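Enquirer:
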Amino acid sequence: MSEILVLVDHVDGDVKKVTFELLTLARSLGAPAAVWAGPGYSDSAKARLAEYGAEKIYVAAADEIGDYVAAPKAEVLAHLVAERSPAAVFLAATGEGKEVAGRLAIKTDSGVIADAVGVGEGFVAEQSIFGGGVNVHSRVTRGIPIITVRPNSTAPVAAAGAGAEEKVEVALSDAARAARIVERVVQEKGGRPELTEAAIVVSGGRGVGSGENFAIIEKLADSLGAAVGASRAATDAGWYPHQFQVGQTGKTVSPQLYIAAGISGAIQHRAGMQTSKTIVVINKDAEAPLFEVADYGVVGDLFQIVPQLTEEIEKRK
Numbered sequence: 001m002s003e004i005l006v007l008v009d010h011v012d013g014d015v016k017k018v019t020f021e022l023l024t025l026a027r028s029l030g031a032p033a034a035v036w037a038g039p040g041y042s043d044s045a046k047a048r049l050a051e052y053g054a055e056k057i058y059v060a061a062a063d064e065i066g067d068y069v070a071a072p073k074a075e076v077l078a079h080l081v082a083e084r085s086p087a088a089v090f091l092a093a094t095g096e097g098k099e100v101a102g103r104l105a106i107k108t109d110s111g112v113i114a115d116a117v118g119v120g121e122g123f124v125a126e127q128s129i130f131g132g133g134v135n136v137h138s139r140v141t142r143g144i145p146i147i148t149v150r151p152n153s154t155a156p157v158a159a160a161g162a163g164a165e166e167k168v169e170v171a172l173s174d175a176a177r178a179a180r181i182v183e184r185v186v187q188e189k190g191g192r193p194e195l196t197e198a199a200i201v202v203s204g205g206r207g208v209g210s211g212e213n214f215a216i217i218e219k220l221a222d223s224l225g226a227a228v229g230a231s232r233a234a235t236d237a238g239w240y241p242h243q244f245q246v247g248q249t250g251k252t253v254s255p256q257l258y259i260a261a262g263i264s265g266a267i268q269h270r271a272g273m274q275t276s277k278t279i280v281v282i283n284k285d286a287e288a289p290l291f292e293v294a295d296y297g298v299v300g301d302l303f304q305i306v307p308q309l310t311e312e313i314e315k316r317k
């Protein structure tokens with residue numbers, strides 16, 4: 001089978017869940033080959049990548065790759081594309097992943113598809129565009145397909161791969177060293193999963209009424225092991241921090257379960273969550289637009305429904 005390169009998304013040697021999703025997706029279309037760029041590679045990382053189907057693991061572990069912004073990873077991938085002629089390159093649709101993809105497309109004279117929610121035979125990618133108003137299928141017509149895939153679009157499934165390790169040496173160009181990382185600050189995190197990677201997201205909107213009332217949204221999220229999101233109306237009102245905004249001008253999420261409480265569902269919000277696998281909407285307005293994309297809808301007061309839902313979940317633990 002043709003080789004598909006998957007850029008490993010990792011932090012301090014810890015492989016992020018989206019990488020396992022990409023390996024699972026690549027496995028359905030060819031032979032997955034993980035590409036590790038930067039320091040932190042370990043036997044543990046190798047085992048995890050092989051567990052999810054990596055037939056090969058290309059390791060470019062030079063410290064300097066992690067010292068600069070995005071460009072070194074694009075050069076590592078370009079080197080492998082030239083040497084191995086893969087069928088495609090998959091990356092996570094994160095800020096860095098999209099930048100690396102764009103740089104790689106220029107270096108390899110190839111087309112790039114961003115923010116795909118699925119990839120089928122012939123590397124035809126499914127995308128949600130124009131604020132989520134249109135779903136399209138796209139295909140690269142020049143060079144090799146370079147595709148960034150939205151986290152949580154594919155459920156990761158373990159299937160052992162050979163995990164054959166191969167060292168890669170790449171001499172970075174002066175251009176790749178143009179922007180150096182001078183400081184890293186570890187963001188303090190709570191016990192909840194990261195919003196864009198969470199399998200379950202519970203979001204609150206204007207109907208929550210105040211920042212203090214977001215406590216019931218948080219309590220439901222914690223009972224489910226979920227991340228907390230918010231609509232633009234809620235973040236603009238100062239009820240919840242802007243980094244948790246879901247929508248076209250916020251974060252794009254695609255969890256297995258999305259619960260929206262007190263969110264009317266303007267197109268701006270729908271653009272950021274409508275590719276979720278199962279959508280549950282709680283709103284006292286039966287005409288709320290978000291009901292149009294809901295799999296399950298509950299018409300009623302969220303201040304009665306959400307606490308009852310939380311209580312039932314707690315009982316079943």
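Note that full-length UniProt numbering has the sequence shown beginning at 1, numbered continuously upward. Virtual Cβ for every residue (Gly too), placed ideally from N, Cα, C. Please read these numbers as outputs of a predicted model, since none were measured by experiment.
1) Are the region 42-51 and the region 60-77 touching by the rule of at least three beta carbon pairs closer than 8 Å?
2) Find out if the Cβ-Cβ distance for the pair residue 358, residue 112 is shorter than 7 Å.
3) What's the call for residue 320, buried or exposed, on a 16-neighbour Cβ count within 10 Å?
4) Residues in the same chain with beta-carbon distance under 7 Å from residue 273, minus the five sequence neighbours each way, listed in chain order, please.
5) Within the continuous beta strand (DSSP E) that includes residue 290, where are the two ends?
6) Answer yes if the region 260-269 comes into contact with the region 202-210, meaning at least three C-beta pairs across the two stretches below 8 Å, and no otherwise.
7) According to DSSP, simplified to helix, strand and coil, what is residue 56?
8) In the DSSP assignment, find the unbroken alpha helix (DSSP H) run with residue 268 in it and report its ends.
9) Any idea if residue 197 is buried or exposed, counting beta-carbon neighbours within 10 angstroms, 16 or more meaning buried?
10) Taking the alpha-carbon of residue 30 as reference, which of 86, 117, 269, 77 has the nearest alpha-carbon?
11) To which residues of the same chain is residue 192 closer than 6 Å at the C-beta, ignoring the five residues directly before and after it?
12) If you measure from the beta carbon of residue 39 to each beta carbon in chain B, is any gap under 7 Å?
13) For residue 125 versus residue 110, is the C-beta distance shorter than 7 Å?
14) DSSP puts residue 180 in a beta bridge; with which residues?
15) Quick check: what's the CA-CA separation for residue 276 versus residue 256?
16) Terminal residues of the continuous beta strand (DSSP E) containing residue 115?
17) Go ahead and pull the three-state DSSP assignment for residue 109.
Expert: Working from what's here:
1) In short, these stretches do not touch, since the Cβ pair count stays below three.
2) It is not possible to answer for residue 358, since the shown part of the chain is limited to 1 through 317.
3) In this structure the chain extends from 1 to 317, so residue 320 is not present and cannot be described.
4) For this step, residue 273 is matched to residue 273 along the sequence shown. A distance below 7 Å between beta-carbons, with the five flanking residues on each side excluded, links residue 273 to the following residues of its chain, in chain order: 246, 253, 258.
5) For the purposes of this step, residue 290 is taken as the residue at position 290 of the sequence shown. Element bounds for residue 290: n/a, residue is neither H nor E.
6) Cβ pair count under 8 Å is three or more, so yes.
7) As a working note, residue 56 is residue 56 in the sequence shown. Reduced to three states, the DSSP call for residue 56 is strand.
8) Position 268 of the sequence shown, counted from the first residue, corresponds to residue 268. It spans 267-270 - the alpha helix (DSSP H) in which residue 268 sits, taken as one unbroken run.
9) Stepping through the sequence shown from its first residue, residue 197 is reached at position 197. Buried, because 16 or more other Cβ atoms sit within 10 Å of the Cβ of residue 197.
10) On the sequence shown, residue 30 is found 30 positions in, with the first residue counted as 1. Ranked by Cα distance from residue 30, the first of 86, 117, 269, 77 is 86.
11) As a working mapping, residue 192 is identified with position 192 in the sequence shown. Taken in chain order, the residues that qualify are 227.
12) No chain B is part of this structure, which consists of one protein chain only.
13) Position 125 of the sequence shown, counting from 1, holds the residue named residue 125. Position 110 of the sequence shown, counting from 1, holds the residue named residue 110. No, the Cβ-Cβ distance between residue 125 and residue 110 is not below 7 Å.
14) Translated into the one-based positions of the sequence shown, residue 180 becomes position 180. Here residue 180 is bridged, per DSSP, to 68.
15) For the purposes of this step, residue 276 is taken as residue 276 along the sequence shown, with counting starting at 1. For the purposes of this step, residue 256 is taken as residue 256 along the sequence shown, with counting starting at 1. In a straight line, the C-alpha of residue 276 is about 6 Å away from that of residue 256.
16) Translated into the one-based positions of the sequence shown, residue 115 becomes position 115. Its beta strand (DSSP E) spans residues 112-116.
17) Reading the sequence shown from its first residue, position 109 is the one you call residue 109. The DSSP-derived three-state label of residue 109 is coil.
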